[in-house]
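What follows is one structure encoded as structure tokens, with my remarks underneath.
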Amino acid sequence: MAIGVRFVAGTIVVAALVGASSWALVTYVVRPRDAATTDTEGAPAEGRAETPARRITATLHYVAEDGLRLVSVTREVPFGATTAEQAERILEAQLEPPPERLLSAIPSGTTLRGVFVSHTGQAFVDFGPELRSRHPGGSLNEIFTVYCIVSTLTTNLPALRSVQILIDGREADTLAGHVDLRRPLPPSREWLEPPAPQTAARNEP
Amino acid sequence: MNASRLVAACVVAVLLVVGGPASLAQAPRPGAPYALLTAESRRTLSAVQSGGRDLLRLDELSDLFELTVREDRRSNALTVTRRDRTIVLSLDQGLASIGGRLVSLPVPPVRDGNRWLVPVDFVARALALIVETRIEVRRASRLIVVGELNVPQVVVRQEQLGAVTRLAFDVSPRAAYTVTQEAGRLLVRFDADAVDASMESAVGGGLAESVRAADANTLAVGLAPHFGTYRASTLPLDAGSIRVVLDLAPAGAPVPSPSDTRPAQPPAVAPEPPVFVSPGAPAVRTIVIDPGHGGDESGATGPGGLLEKNVTLDVARRLRSLIEGRLGLRVLLTRDDDRLVPLDERASIANNNKADVFISVHANVSPRPDSRGAEVFYLSLDAYEGEARRLAEHPPSRSLMTLGGGTREIGLIPWEMAQVRHLPESAVFAQFVEEELRRRVEMSARALQQAPLRVLVGANMPAVLVEMAFISNADQEERLRADDFKTAVTQALYDAVLRYRARIQSGPTPSADPGARGGAALRRTPWP
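In the order they appear, the protein sequences are chains A and B. Numbered by the working numbering, the letters in the first sequence go through residues 1 to 205 in order. Numbered by the working numbering, the letters in the second sequence go through residues 1 to 528 in order.
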């Protein structure tokens, strides 16, 4: 019995040493070169000691120049080890100021409190109260805000099937009296496409 | 424990003494008949008076409701059966048992020759529980309403104001009405299945020679030869009632101001009430307009300071005046002042008032300061797809007891998803709104959209949300302030209601009209 315990303990120690050596090799030998080639914007990754500089390419969404739809823009964002962590990194990038000529669909100063992912692929995204208190309202504007968040998460993270927006840790009815936020929303291409031609010449049903 | 038994025994004793022998002491004698209204017909029910109570003939009720009546001498009871449901009526005391549920009646059945007579209360308290439909007994007007009929009570009074004859019609609950003049009479037609009318004063004399039934839901005022002109006005009363005032003036005399609203004199005589019925027909009777936002929740604010909540209320009031004035329909606002109404309550107001159309009025916002044009939304089911599809394919229902007796087949679609079954009609109405707006005001490139909008999903009728213009655009904000713009939007919405009403009244029933699904407005509808 004592021999068995010693054997197991020894195996664990050896495995830990091998693991630590591998981590050191990857972190200090391989990763800096890797980071030098991908971290094009030079922004340091924060708070991820195990992957301090690894980044991925994400698709973010903004209001188009014509104000009629959302457009997608790719951008490097820090790597997240889990789906929830990656969702947070992507949304943090989405909350940053928009590229030139585009407009953010999310009120400036909005904070992200956290992202939770269920085993069925529903993401619960918890924003600070600013998302509601600073929202200027209007159906179209509210639609853009909501579907910017939904589209950005579901486009980058295929494991996510729908997104429910929470405010300050609680379920929300709407942001400003329009879009129903009581259920997780699946993505909709509708708001990413140019509006369909609409003319007055229609036959009465 | 002993005390409660003593009280119960006393109550039973009092019931036996008062309700039993006393009521049977007097022989039945004929009384004024009752009228029984259904969606299809009007029938007269013989009534008999006994002990100060009205009794109805059980054989007449059996014919009407397909009842089987048997006398069980061993248990001294009558069994009244309809299909698989039975009422056991005690012949000893005023009690009936319906599927284990005990209800009290003022008197037990009374034998009259070879017939049985039952108290009127039997209809509402016992019969309603086995016929699976709502039955309402209006004792004062000797009226029994079977089914979901809209039968407002109309109380008519007449008074003389100098040369002017004033007729006041108190309508409860309120119903839209129209007044038309034809040879020698004025027709007051109410938007209802029937009217339950009574005269609270002697009508006749002055310029109104008579008031009587002209049609199922129409009262005719017979005019004296020297009648010249009339004026109709409406006053709101308490608890959802209205007073329609008809002032009749002789030829050459001025008609008094409608603001002179002194009540008519109390009744002197109560003649037999005229009662009429007509089958229900699809129609647009009630419209609910929802002015967006309100109270602490101002909605969007324009660069010049215009508040969305104010402009939406302004347009909603204009639209109400236009529809009420021209179409005579019942129009309700979800708010008529500057207050916050929760989104659920807005849909509830429309649902509880059985609105036929719901229009939510808003002003739009874009992060682009130059965005412009009106947009029309109806519900998208993307967000509710799983639930909505399940409800559409397998609509659940259950037979439930109703207040006052009877059972109803209740659809169990959650009320917050009520819009699901109206989506095709909402698409049609939204298209009408978009087309009428396009004729009068600038439209956005996204003129007709579907979105999961919170205020629409609970509306149990065709429902749209209209964003009149972008209040975030300074130019558009000025348009929203301008009288001509608000008039144009109001007129467009009015015309859309007019078109939709014509469609409902002339076409097939909305839910059964597959043609309604083929319009451009439905291209993006995800299902079915």
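Glycine included, every Cβ here is placed at the ideal spot set by N, Cα and C. Please read all numbers here as calculations on a predicted model, not as lab measurements.
Beta-carbon neighbours of residue i, restricted to chain A and to distances below 8 Å
{"i": "N364(B)", "result": "G138, S139, L140 and N141"}
{"i": "F485(B)", "result": "The contacting residues do not exist; F485(B) stays about 18 Å from chain A at best."}
{"i": "V457(B)", "result": "D180"}
Residue-chain proximity (residue i, chain A), Cβ-Cβ < 9 Å
{"i": "A533(B)", "result": "Any property of residue 533(B) remains undetermined from this structure, which presents chain B solely from 1 to 528."}
{"i": "F122(B)", "result": "no"}
{"i": "S472(B)", "result": "yes"}
{"i": "S506(B)", "result": "no"}
{"i": "S348(B)", "result": "no"}
{"i": "A300(B)", "result": "yes"}
{"i": "L127(B)", "result": "no"}
{"i": "G295(B)", "result": "no"}
{"i": "V531(B)", "result": "Residue coverage of chain B in this structure runs from 1 to 528, which leaves residue 531(B) outside it and unanswerable."}
{"i": "F377(B)", "result": "yes"}
{"i": "Q449(B)", "result": "yes"}
Rounded separation between residue i and residue j - CA only
{"i": "M443(B)", "j": "E467(B)", "result": "10 Å"}
{"i": "P231(B)", "j": "S241(B)", "result": "Note that residue 231(B) corresponds to Arg in the displayed sequence, not to Pro. One C-alpha to the other measures close to 20 Å."}
{"i": "V244(B)", "j": "L223(B)", "result": "18 Å"}
{"i": "V529(B)", "j": "E148(B)", "result": "Absent from the structure is residue 529(B), since the part of chain B shown begins at 1 and ends at 528."}
{"i": "P186(A)", "j": "R326(B)", "result": "44 Å"}
{"i": "E193(A)", "j": "L465(B)", "result": "22 Å"}
{"i": "P225(B)", "j": "A208(B)", "result": "10 Å"}
{"i": "R317(B)", "j": "F79(A)", "result": "55 Å"}
{"i": "P195(A)", "j": "S188(A)", "result": "13 Å"}
{"i": "V269(B)", "j": "R83(B)", "result": "Bear in mind that a pLDDT of 35 at V269(B), under 50, signals an unreliable position, so the model cannot answer this."}
{"i": "S75(B)", "j": "L95(B)", "result": "13 Å"}
{"i": "R562(B)", "j": "D92(B)", "result": "Limits of chain B in this structure are 1 at one end and 528 at the other, which puts residue 562(B) out of reach."}
{"i": "R101(A)", "j": "V71(A)", "result": "11 Å"}
{"i": "R285(B)", "j": "G169(A)", "result": "44 Å"}
{"i": "V195(B)", "j": "L143(B)", "result": "11 Å"}
{"i": "L60(A)", "j": "R161(A)", "result": "17 Å"}
{"i": "Y500(B)", "j": "L166(A)", "result": "39 Å"}
{"i": "S380(B)", "j": "R212(B)", "result": "50 Å"}
{"i": "D338(B)", "j": "P136(A)", "result": "19 Å"}
{"i": "L329(B)", "j": "F124(A)", "result": "46 Å"}
{"i": "I504(B)", "j": "V428(B)", "result": "11 Å"}
{"i": "W191(A)", "j": "A469(B)", "result": "19 Å"}
Boundaries (first-last residue) of the beta strand (DSSP E) holding residue i
{"i": "A58(A)", "result": "R55 to V63"}
{"i": "Y147(A)", "result": "Segment S139 to N156 is the alpha helix (DSSP H) holding Y147(A); no beta strand (DSSP E) there."}
{"i": "F358(B)", "result": "V357 to N364"}
{"i": "I349(B)", "result": "First-last for I349(B): L343 to N352, but that is the alpha helix (DSSP H), not the beta strand (DSSP E)."}
{"i": "S104(A)", "result": "Counting along the chain, S104(A) falls outside any beta strand (DSSP E), and DSSP gives it neither H nor E."}
{"i": "S472(B)", "result": "Segment: none, S472(B) is in no beta strand (DSSP E) and carries neither H nor E."}
{"i": "D290(B)", "result": "T286 to P291"}
Short CB-CB distance (under 9 Å) between residue i and chain B
{"i": "H61(A)", "result": "no"}
{"i": "E130(A)", "result": "no"}
{"i": "E171(A)", "result": "no"}
{"i": "T111(A)", "result": "no"}
{"i": "S188(A)", "result": "yes"}
{"i": "T74(A)", "result": "no"}
{"i": "L192(A)", "result": "no"}
{"i": "H119(A)", "result": "no"}
{"i": "V115(A)", "result": "no"}
{"i": "S104(A)", "result": "yes"}
Test item: CB-CB of residue i and residue j under 9 Å
{"i": "S41(B)", "j": "N141(A)", "result": "no"}
{"i": "Y62(A)", "j": "L91(A)", "result": "no"}
{"i": "L175(A)", "j": "R132(A)", "result": "yes"}
{"i": "R115(B)", "j": "D63(B)", "result": "no"}
{"i": "A347(B)", "j": "G458(B)", "result": "yes"}
{"i": "V164(B)", "j": "A249(B)", "result": "yes"}
{"i": "V188(B)", "j": "V221(B)", "result": "yes"}
The alpha helix (DSSP H) enclosing residue i, as first and last residue numbers
{"i": "Y494(B)", "result": "D483 to S506"}
{"i": "R439(B)", "result": "L423 to R440"}
{"i": "G325(B)", "result": "E308 to L327"}
{"i": "V455(B)", "result": "R454 to V457"}
{"i": "Q86(A)", "result": "T83 to Q94"}
{"i": "A224(B)", "result": "From DSSP, A224(B) is part of no alpha helix (DSSP H); its letter is neither H nor E."}
Cross-chain neighbours of residue i in chain B, by beta carbon under 9 Å
{"i": "L185(A)", "result": "D382, A383 and P452"}
{"i": "A123(A)", "result": "The premise fails here: A123(A) is roughly 14 Å from chain B at the closest Cβ pair, so nothing lies under 9 Å."}
CB contact check: residue i to chain C, cutoff 9 Å
{"i": "D126(A)", "result": "Absence of chain C from the displayed structure is noted, the protein chains being A and B."}
Per-residue contacts from residue i into chain B (C-beta, under 7 Å)
{"i": "P195(A)", "result": "A445 and R446"}
Where residue i meets chain A, residues with beta-carbon distance less than 7 Å
{"i": "S371(B)", "result": "G67"}
Residues that residue i contacts on chain B, provided the C-beta gap is smaller than 8 Å
{"i": "T155(A)", "result": "Those within 8 Å of T155(A) in chain B number zero; the least Cβ separation is about 16 Å."}
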